[in-house]
Amino acid sequence: MTDVVGYLDRWTAQPGGRVAVHLSSAMPGAATVTLIRLGRGEHRDEPDGIVFEAVDSVPAQAVTLRHQPVDAGSYAQVEGLADLPLADASLAVLVQPWLVSGTEKVVVALQGADVQRSLRVAIDGDGRVALRVGEAQATSPHPVFARRWSLWLLHWCASSVHLDIVDVRTGRRNTLALPLPTAPPAWRTLTLAGMALQDGTVGAHFDGRLERPVLWPSTVSCEAALHAVLRQSGLPDGALACWDFAPHEQQSLLPDHGPHALHGRLEQGPKRAVRGARWSGSVFDWRQAPGQYAAAHFHRDDLTDAQWQPDVWIALPPDLRSGAYAVRIQRDDADDDGSLTGGLCRLPLFVRPATAPSPGDAVVAVVFPTFTYLAYANDRCAWFGHNPEVLADQAITLEPTDVLLSHHPQWGLSLYDTHRDGAGVSTTSRWRPIPGFQPDQRAWQAGEGSGRWNYPGDLLLVEWLEREGIAWHAFTDDDLHAHGSAVLAPYRTVLTGNHPEYATTALLDAYRGFVAGGGRMIYLGGNGFYWKVACHPQHDGVLELRRAEDGNRSWAEEPGEYYHAFDGGYGGLWRRNGVAPQSWLGVGYSGQGFRRSVGYERTAESDLPQVAFVFDGVPARSFGTQGVIGGGCAGVEVDRQDAALGSDPLGIRLASSVPFDATYFVANEELLVSRPTISGPFSPGLRADVVLQASAGGGAVFCTGSIAWVGGLAAVGGDPHVQRITRNVLTRFLDPAPLEVERGEAD
14 MTDVVGYLDR WTAQPGGRVA VHLSSAMPGA ATVTLIRLGR GEHRDEPDGI
64 VFEAVDSVPA QAVTLRHQPV DAGSYAQVEG LADLPLADAS LAVLVQPWLV
114 SGTEKVVVAL QGADVQRSLR VAIDGDGRVA LRVGEAQATS PHPVFARRWS
164 LWLLHWCASS VHLDIVDVRT GRRNTLALPL PTAPPAWRTL TLAGMALQDG
214 TVGAHFDGRL ERPVLWPSTV SCEAALHAVL RQSGLPDGAL ACWDFAPHEQ
264 QSLLPDHGPH ALHGRLEQGP KRAVRGARWS GSVFDWRQAP GQYAAAHFHR
314 DDLTDAQWQP DVWIALPPDL RSGAYAVRIQ RDDADDDGSL TGGLCRLPLF
364 VRPATAPSPG DAVVAVVFPT FTYLAYANDR CAWFGHNPEV LADQAITLEP
414 TDVLLSHHPQ WGLSLYDTHR DGAGVSTTSR WRPIPGFQPD QRAWQAGEGS
464 GRWNYPGDLL LVEWLEREGI AWHAFTDDDL HAHGSAVLAP YRTVLTGNHP
514 EYATTALLDA YRGFVAGGGR MIYLGGNGFY WKVACHPQHD GVLELRRAED
564 GNRSWAEEPG EYYHAFDGGY GGLWRRNGVA PQSWLGVGYS GQGFRRSVGY
614 ERTAESDLPQ VAFVFDGVPA RSFGTQGVIG GGCAGVEVDR QDAALGSDPL
664 GIRLASSVPF DATYFVANEE LLVSRPTISG PFSPGLRADV VLQASAGGGA
714 VFCTGSIAWV GGLAAVGGDP HVQRITRNVL TRFLDPAPLE VERGEAD
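Mapping to this note's numbering: the sequence shown position 458 is 471, numbers consecutive.
Here is the structure:
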């Protein structure tokens, strides 16, 4: 496996710009950094790897590899306590542990100049509460219970430290006390959900929720503290500080409502907009009652930013052609074959066009679904997923990157994983090493064959465009989210990738605006525009997901937590948000199977004269019967036409997949009750539809209904009929002549 990992400071760049390359290696040594263009050329890193060519206008650079650590784990920290009157003081906080076993988990740490003399309250490896001052400690006789709220009230003075723990529901109370031989030092820093270590990092992370820390310059009774944290809003009487974890427009800010404005910071992205101890069950939108969502959920494996230093900068030439690129890093002592075992790493980069095409230019825009790439980043489902072998209907072969990830939990998780405490992972970031984000990465979800889906699958499209000599410009989800449909306005036609599953409101609006304005769209995938996500308002490259209500899910969102913290929007499926993909694309998700793909059969509607161009040169009634993703072009995750969900009744269903086998299952949102007939042979609605429908102003949408379609575009093992159909549609869509593709009322 590769010992070189890294990340770029951006996934999308402009010609003439600079890209920072952040690298790390477990073994120091020299390496060479080059820029390569993917999808064309004669070079291959492996016999079955993707083709590439060197970008000669970007000089190779030498770099000395070094190890850069990753300090994962979220926490809150407040500085500036030294000037407060804290010789005799009390600190209250509401605590809900989610993980009580394992290593020590510090809930509260007060530290001064000497971190060894810190005052800390923790849950030890046996699940018991431990009160520690320096080397002295007191431990509760019984373990705490997971997922129960309690008040932890800490009081210290010159001679002793006391901790009262009060169960919020029952009022049960336990007390720990420690005598102090000398007065505690002046506290400088308060850390919540971890403690500062001597090397400057924070460790001993707490997994669970904290709410409403309040600091008083005196002794406070349990009754008064309970009233202050559970019944009062704002600053409690006599308090020096009161920190608020409720969602805030500044995501990393921990506001203090006290007179000293001791605002803290939240590091590595703890989850906000979660139910606190004061949640009544009558409010489900945190914006309506922020005080009921004034908690934050911390995890030892949260990671927003690895915070590595850049090792080298790549200067992009002003005339660099738009396309799919990668920064290629190879150790100078690598194996001659350039294999992954030889210390090779490629970091994907998409380059936008320097200028928009002129009117009349036959240039197609290709939008790479970077939000979906990010959702799957560091997916560990092959190790820890729910029976992936059953889903795949075969034994799973671990890739070298799967093994590498298993040795590096600190590199963070994907939106398909769960945290150590069982909570679903709701945020993902590109500011970290993602070793599986490689051009030739094989995915177990892609079934038999090449294993290429998501990013490597989209590179099959890139290779095909290059072989066909089709002019194209590269864009990403990030571009459309930031700049809207204006990005696509200069183009007559836009192509999607094979799996644009995740979409923000702005991204969806950009596509819909383009189509509604007369644009022509070719949706080359399946399971598209399925989940609604939100982008971090301050930190580019961080995404949030709430798996609300329904859908095929690897975990389910907690009740009452369906609204995003990042933008306040309701999460979950776009279908459950009232914007089913069928309502604007013509098709939407119907089910999945992860081993074998099948072919298509043309419908009678495909013989209509207005769609004759689609099958020009394709005499067969069957097509898509071979491909490098599952052995066919209809498969993996598939979409169907459905008028009940908004498909245009005048849209033309050109073809449908032949029936799937029993390894395919209907999507969860299709089911009202469990039934035995949810697999392929018994579910006529579980199919991939090829659909062509008109849009306003002379536009149209062509949908393939299948992730595996791009497998038919492969140069070796692809399907010539699928390649011809794709070319026919693209050629016609680039033609400015009006399209008349409706069935007609009488048909």
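Quick reminder that beta carbons are idealized off the backbone N, C-alpha and C, glycines included. As the structure is a prediction and not an experimental result, all values here were calculated from the model.
L501 has its alpha-carbon roughly 24 Å from the corresponding atom of R588.
Within the same chain, L97, L228, W229, P230, G271, H273 come within 7 Å of L253 by CB-CB distance, once the 5 residues on both sides are set aside. Going by DSSP, A367 is part of no beta strand (DSSP E) at all; its letter is neither H nor E. Sequence-distant Cβ neighbours of W326 in its own chain, meaning closer than 8 Å and more than five residues away, are R31, V32, A33, V34. Within the stretch 278 to 304, the complete beta strand (DSSP E) segments of 3 residues or longer fall at 284 to 287, listed in chain order.
Distance between P41 and D453, taken at the CA atoms: about 25 Å. CA-to-CA, the gap between E481 and G52 works out to about 12 Å. Comparing C-alpha distances from A102 to each of G115, L685, S234, V641 shows the shortest one belongs to S234.
DSSP places R737 inside the alpha helix (DSSP H), whose first and last residues are 733 to 747.
Nearest to Y338 by C-alpha distance, out of V438, G464, L78, P469, is P469. Under the three-state reduction of DSSP, Q129 is assigned to helix.
Separation of A308 and W444 (C-alpha to C-alpha, rounded to the nearest whole angstrom) is 25 Å. With at least 16 other beta carbons inside 10 angstroms of its own, V376 counts as buried. Every alpha helix (DSSP H) stretch that sits fully inside the stretch 396 to 438 and reaches 4 residues is listed by chain position as 401 to 405, 413 to 419.
Taking C-beta atoms under 8 Å as the contact rule, V134 and L203 fail to qualify, at a distance of about 12 Å.
S131 and M208 do touch by the CB rule: their CB atoms are close to 6 Å apart, below 8 Å. A check of alpha carbon separations from D471 across Y504, F381, A456, M534 identifies F381 as the nearest. In the DSSP secondary-structure assignment, S37 is bridged to V18.
Around the C-beta of L685, fewer than 16 other C-beta atoms lie within 10 Å, and the residue is accordingly described as exposed. The straight-line gap separating the alpha-carbon atoms of R300 and F527 is approximately 31 Å. Around the Cβ of N391, a 10 Å sphere holds 16 or more other Cβ atoms; the residue is buried. Looking at the DSSP output, T441 bridges to L556. Judged by pairs of C-beta atoms under 8 Å, the stretch 672 to 683 touches the stretch 693 to 702, as three or more such pairs exist.
By the Cβ-count criterion, A171 is exposed, with fewer than 16 other Cβ atoms from all chains shown falling within 10 Å of its own Cβ. In this structure, DSSP gives Y504 a state outside helix and strand, which the three-state scheme calls coil. Between I535 and the set L747, R145, G710, the nearest pair of CA atoms involves L747. The stretch 547 to 562 and the stretch 652 to 660 do not touch, with fewer than three beta-carbon pairs separated by less than 8 Å. A check of alpha carbon separations from A347 across L537, G648, G356 identifies G356 as the nearest. The shortest C-alpha to C-alpha distance from A367 to any of E461, E148, A26, V403 is the one to A26. A direct Cα-to-Cα measurement between G640 and V600 gives close to 22 Å.
The beta-bridge partner set that DSSP reports for G585 consists of K545.
Annotation: the continuous alpha helix (DSSP H) that includes G526 extends over 518 to 529. Taken through DSSP and simplified to helix, strand or coil, T317 comes out as coil.
Secondary structure at P154: strand, using DSSP grouped into helix, strand and coil.
Annotation note: the stretch 75 to 144 contains the following uninterrupted beta strand (DSSP E) runs of length 3 or greater, listed N- to C-terminal: 88 to 91, 102 to 110, 118 to 124, 132 to 136. Excluding the 5 residues flanking it on each side, G584 has same chain C-beta neighbours closer than 6 Å at K545, R559, A561, Y575, H577, in chain order.
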